[in-house]
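Asks:
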Amino acid sequence: MVIQIPHTALDKNTLFAVIEEFVTRDGTDLQVASLKIDRVLQMLEEGKVVLVYDEESETCNIVSAEHYSIENR
17 MVIQIPHTAL DKNTLFAVIE EFVTRDGTDL QVASLKIDRV LQMLEEGKVV LVYDEESETC
77 NIVSAEHYSI ENR
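The opening position of the sequence shown corresponds to residue 17 in the working numbering, with each subsequent residue numbered one higher.
1. Using the rule of at least 16 other Cβ atoms within 10 Å of the residue's Cβ for burial, across every protein chain shown, is V65 buried or exposed?
2. For V68 and C76, what's the separation of their Cα atoms in angstroms?
3. Taking all protein chains shown into account, decide if F32 is buried (16 or more other Cβ within 10 angstroms of its Cβ) or exposed.
4. Got a sec, what are the start and stop residues for the beta strand (DSSP E) D54 sits in?
5. Across which residues does DSSP place T75 in a beta bridge pair?
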């Protein structure tokens with residue numbers, strides 16, 4: 017089961033670590049990653065993307081809010 021986690025429920029450092037792990041999964045350079053981290057945080061705050069937790073795989077992911085909404089109808 018995949019559940020949405022409000023990004024505001026996470027400690028600031030924890031949220032940063034989750035976003036950093038997400039943007040560096042594809043091997044992104046850390047200098048470029050800082051720009052992506054800022055963008056993802058902005059998108060979370062705007063509600064364009066959401067933080068989700070997959071209980072089966074015990075992993076966090078960031079997906080478009082629209083995709084999450086469609087998948088959970």
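Using N, Cα and C, we set each Cβ at its ideal position, and we do this for glycine too.
Replies: Looking at the coordinates:
1. So V65 ends up on the buried side.
2. 6 Å
3. exposed
4. Element bounds for D54: not the beta strand (DSSP E) but the alpha helix (DSSP H), L46 to E62.
5. Answer is D70.
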